[in-house]
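What follows is one structure encoded as C-alpha cells, with my remarks underneath.
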DNA sequence: CGCCTAGTTGACTTATATCAAACCGCGTGG
DNA sequence: CCACGCGGTTTGATATAAGTCAACTAGGCG
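Chains as they are written, first to last, in full-length UniProt numbering: chain A, 1 to 239; chain B, 1 to 239.
Structure (C-alpha cells):
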C-alpha cells in the first residue's frame with residue numbers, strides 16, 4: 001500500500017484552499033497557519049484517532065475519505081460521519097476525541113497541533129468563523145442522517161447513501177447530467193455501519209436496486225446511476 | 001393555556017446567564033446584546049419555526065423544552081434535537097430553517113433578529129466562540145444519538161432517553177444520589193419520534209422497564225429512577 | 001354526561017437480523 | 001502455473017424484534 005508523499009508546497013496550490021477551514025483567510029492569516037501546519041499521510045484502513053485518546057492535533061482532509069465511528073462495548077458499530085476533502089477533523093477545546101477516525105482510502109491530512117490552533121482560533125477571526133460555519137453544516141448533515149437512521153427503510157437508506165455520495169462527489173466536477181458515475185470509497189461493511197444495517201441487508205438491497213435498474217455495477221465498487229432523479233425518488237424524500 | 005409573561009429585567013437576573021450563547025460575554029459585550037434582545041413566549045404545542053420558513057430571528061431557550069423535528073413527505077417524523085434551557089435555536093448565515101421547531105412545554109425565548117445577531121457574531125468574539133463551542137457540543141450529542149438510532153434495541157433506546165433526561169435535568173439541581181425523579185417533558189409520541197419507534201413499542205418498553213423495577217411511575221409522566229446505574233446498564237453502553 | 005386525547009395491551013404481520021453456505025477475484029507460495 | 005486461502009460479497013433459509021391493526025382504559029374538559 002503506497003503512501004503518496006505530499007506534493008503541495010504552499011497553501012496557494014492546495015486543492016482544498018477554497019473550502020477548508022482556512023478558506024476565508026486573507027494572506028496574512030494564511031501565513032500564520034502556514035507556519036504551524038504539517039502534513040501526514042495514512043494508508044487505507046489505518047486509524048487516525050482512537051476514541052478516548054488525547055487529541056494532539058486537528059486538521060483538514062486534503063485528499064481521501066475518512067470515517068468517524070462510535071462503538072458499543074459489545075462491538076456494535078455506528079458510523080457517525082464521513083469526512084471528504086476539505087472536511088475538518090478534531091475538536092478544539094477538548095482534550096480527548098470521542099469517536100474512532102479511520103482512513104477509508106489513502107488519506108492526506110493538513111494538520112495543526114491543537115494548542116497553537118486554538119490560539120489561532122482566538123486570534124484570527126476568519127478561522128473561527130469558518131469553523132463555525134462548517135460545524136453548523138455538519139450538524140445539519142448529522143440531523144439529516146438521524147432521519148435516515150430513525151425512519152427510513154433499508155431500501156431508502158441505501159438509496160439515500162448512494163444519492164448523497166453521487167451528489168457530493170459530482171459537486172467536485174460539476175457538469176450535471178441526470179446521470180452519475182463514481183467509485184464507492186467504502187466497503188459494504190462500512191455502508192452497513194453508516195446505515196445501521198447488516199452487510200447482508202446492504203447486499204440484498206444493492207442487488208434489488210440493480211435489478212430494478214436504478215443503479216448498475218459489475219465491479220462491486222464502480223457504480224453508475226443512470227438517472228439521479230429516479231434514485232432520489234427511492235429515498236423517501238419525494239412526495 | 002397560560003403564557004407566563006417574562007419577568008426578567010436584565011441579563012444579570014437571567015437563569016441562563018452562565019450557559020447560554022452569551023455566557024462568555026464581558027459586561028460591555030452583554031450591553032450590545034441587551035440592546036437588541038427581546039422576549040417571546042410560546043404555549044406548549046405551538047410551533048416556533050416551520051421547516052423551510054425564512055429565519056427571521058435566532059435565540060436562546062430561557063425556560064421550557066422545545067423539539068427539533070424533520071418530516072418525510074409521507075408523514076414519518078424524526079426528532080433530531082431536544083432544546084433545553086440555555087440551548088440556542090436558529091442558524092446564523094442561513095436564510096431558512098430546515099427543521100420544525102415546536103414548544104413541547106410552555107417556552108420562553110430570548111431572541112435576536114438574525115441580521116443584527118450576525119453582525120454581533122462578527123464583532124464580539126466571545127459570542128462566536130461560545131456559539132462554536134455549543135455547536136460542537138450539539139454535534140457530539142447528535143452523533144451520540146445516531147448510535148442510539150442506528151444500533152440500539154427498543155429497550156436500550158428507552159433506557160438511553162430516560163437516562164439522558166434524568167441526568168440533564170438532575171444537573172440543574174446537583175446533589176447526586178443514585179436516584180432521580182423527574183417529570184417527562186414529552187409525550188409518548190414525542191418519545192417515539194425521538195427514538196425512531198412507534199408509540200406502541202415505547203409504551204410496551206416503558207411497561208417492561210417498570211415491571212423490571214428499573215423505573216417507577218403511576219401518573220404517566222412522573223418518573224422515578226430508583227437506581228441510575230441500573231438504568232444505565234440497560235442502555236448498552238456498559239461492558 | 002359523553003367525548004376526546006393519551007396511553008396501554010393484545011393478536012398478528014413483516015422487515016430486517018441471524019445463521020449458513022457458496023462465490024469471486026486476487027495474491028502467494030509450492 | 002496452478003492450488004490455495006482470504007477478504008469481500010452474494011444468496012438462501014429461518015428467527016425475531018418491532019410494526020400494524022385493533023380494542024380498551026383512564027383522565028380532563030366542555
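Cβ coordinates follow ideal geometry from the N, Cα and C atoms, glycine included. Just so it is clear, the structure is predicted and the values come from calculations on it, not from any experiment.
task: Please list the partners that residue 70 (chain B) has in chain A, where partner means a Cβ-to-Cβ separation under 8 Å.
output: Going along chain A in sequence order, the residues near residue 70 (chain B) (Cβ under 8 Å) are 143, 144, 146 and 147.
query: Relative to chain A, which residues along the stretch 97–108 of chain B have a C-beta separation below 8 Å, given in chain order?
result: Residues passing the 8 Å Cβ filter: 98 and 99.
Same chain only: Cβ atoms within 6 Å of residue 49 (chain A), ignoring 5 sequence neighbours per side: Excluding positions up to five away in sequence, the list reads 97 and 101.
- prompt: What is the DSSP secondary structure of residue 97 (chain A), reduced to helix, strand or coil?
  reply: Three-state DSSP puts residue 97 (chain A) in coil, outside helix and strand.
field: Touch test, the stretch 155–163 of chain B against the stretch 142–156 of chain A, Cβ-Cβ under 8 Å, three pairs minimum
entry: No, they do not touch.
- request: Could you name each continuous alpha helix (DSSP H) segment of 4 residues or more that falls completely within the stretch 104–167 of chain A, going from the start of the chain to the end?
  value: Taken in chain order, the complete alpha helix (DSSP H) segments of 4 or more residues contained in the stretch 104–167 of chain A are 114–123 and 125–151.
field: Integer-rounded CB distance, given that residue 130 (chain B) should sit under 8 Å from residue 58 (chain B)
entry: The Cβ separation is near 13 Å, so there is no contact.
query: Sorted by chain position, which residues of the same chain lie with C-beta nearer than 8 Å to residue 203 (chain A)'s C-beta, five sequence neighbours on each side aside?
result: Sequence-distant partners of residue 203 (chain A) (beyond 5 residues in either direction) whose C-beta falls short of 8 Å from its own C-beta, in its chain, are 188.
query: Distance, Cα to Cα, residue 231 (chain A) vs residue 238 (chain A)?
result: Straight-line Cα distance between these residues: approximately 11 Å.
- request: Give a yes or no on whether the minimum CB-CB distance between residue 152 (chain B) and chain A is below 9 Å.
  value: Residue 152 (chain B) counts as touching chain A.
- request: Can you pull the chain B residues whose beta carbon is under 7 Å from the beta carbon of residue 140 (chain A), in chain order?
  value: The contacting residues are 98.
task: Pick helix, strand or coil for residue 223 (chain B), following the three-state DSSP scheme.
output: Looking at residue 223 (chain B) - three-state DSSP - the assignment turns out to be strand.
query: Helix, strand or coil: which one does DSSP assign to residue 61 (chain A)?
result: In the structure shown, residue 61 (chain A) sits in a strand (DSSP, three-state: E or B).
- prompt: How would you label residue 18 (chain A), buried or exposed, when you count the other beta carbons within 10 angstroms and need 16 or more for buried?
  reply: Exposed, because fewer than 16 other Cβ atoms sit within 10 Å of the Cβ of residue 18 (chain A).
query: Comparing alpha-carbon positions, which option in B:110, B:121, B:228 and B:56 lies nearest residue 25 (chain B)?
result: Taking only the C-alpha atoms, the option nearest residue 25 (chain B) is B:121.
- prompt: Nearest-angstrom Cα distance between residue 125 (chain B) and residue 125 (chain A)?
  reply: About 8 Å.
- prompt: Just curious, the beta strand (DSSP E) that residue 44 (chain A) is in, first and last residue?
  reply: Residue 44 (chain A) -> no beta strand (DSSP E), and no H or E assigned at all.
message: Tell me the DSSP secondary structure of residue 27 (chain B) in three-state form.
response: DSSP, reduced to helix, strand and coil, places residue 27 (chain B) within a helical segment of the structure shown.
- prompt: Just to confirm, are residue 190 (chain A) and residue 222 (chain A) a CB contact at a threshold of 9 Å?
  reply: Result no, Cβ atoms of residue 190 (chain A) and residue 222 (chain A) do not sit closer than 9 Å.
- request: Could you tell me the distance, in whole angstroms, from the CA atom of residue 138 (chain B) to the CA atom of residue 147 (chain A)?
  value: Counting only the Cα atoms, residue 147 (chain A) lies some 16 Å from residue 138 (chain B).
- prompt: Does any residue of chain B bring its CB to less than 9 Å from the CB of residue 2 (chain A)?
  reply: Since pLDDT at residue 2 (chain A) reaches only 42, below the 50 mark, its modelled position is unreliable, and the value read off the structure follows with that caveat. False, the Cβ-Cβ gap to chain B never drops below 9 Å.
task: Tell me, please, which residues DSSP counts as bridged to residue 180 (chain B).
output: Answer is B:225, bridged to residue 180 (chain B).
query: Cα separation between residue 143 (chain B) and residue 71 (chain A)?
result: The alpha-carbon of residue 143 (chain B) is positioned some 11 Å away from that of residue 71 (chain A).
- prompt: Among B:51, B:207, B:56 and B:64, which has the Cα closest to the Cα of residue 118 (chain B)?
  reply: Among B:51, B:207, B:56 and B:64, the Cα nearest to that of residue 118 (chain B) belongs to B:56.
query: At least one CB of chain B closer than 9 Å to the CB of residue 237 (chain A): is that the case?
result: So yes, residue 237 (chain A) belongs to the interface.
query: Is the CB of residue 129 (chain A) under 9 Å away from at least one CB in chain B?
result: Interface residue, yes.
query: What separation, rounded to the nearest whole angstrom, lies between the Cα atoms of residue 186 (chain B) and residue 90 (chain B)?
result: Their backbone Cα atoms lie some 21 Å apart in a straight line.
query: Whose C-alpha, out of A:34, A:151, A:33 and A:104, is nearest the C-alpha of residue 69 (chain B)?
result: Among A:34, A:151, A:33 and A:104, the Cα nearest to that of residue 69 (chain B) belongs to A:151.
message: Run through the DSSP bridge pairs and tell me what residue 102 (chain A) is partnered with.
response: For residue 102 (chain A), which the question treats as bridged, DSSP gives the partners A:47 and A:67.
message: If I measure Cβ to Cβ from residue 235 (chain A) and keep anything under 8 Å in the same chain, skipping five residues before and after, which residues do I get?
response: Closer than 8 Å at Cβ, skipping near neighbours: 152, 156, 159, 160 and 163.
message: If I measure Cβ to Cβ from residue 20 (chain A) and keep anything under 6 Å in the same chain, skipping five residues before and after, which residues do I get?
response: Cβ neighbours of residue 20 (chain A) beyond the five flanking positions: 60 and 86.
field: N-terminal and C-terminal residue of the beta strand (DSSP E) that residue 202 (chain A) is part of
entry: Per DSSP, residue 202 (chain A) is not a residue of any beta strand (DSSP E); the alpha helix (DSSP H) it occupies stretches across 199–211.
query: For the beta strand (DSSP E) that contains residue 83 (chain A), what are its first and last residues?
result: Where residue 83 (chain A) is concerned, the enclosing beta strand (DSSP E) stretches over 77–83.
- request: Check the Cβ-Cβ distances between residue 91 (chain A) and every residue of chain B, and say whether any is below 9 Å.
  value: It does: the Cβ of residue 91 (chain A) has a partner Cβ on chain B nearer than 9 Å.
- prompt: Does the Cβ of residue 123 (chain A) have 16 or more other Cβ atoms within 10 Å, making it buried, or fewer, making it exposed?
  reply: Residue 123 (chain A) sits exposed, since fewer than 16 C-beta atoms from the chains shown fall within 10 Å of its C-beta.
- request: Please list the residues of the stretch 178–199 of chain B that have a C-beta atom closer than 7 Å to any C-beta atom in chain A, keeping them in chain order.
  value: Result list: 196.
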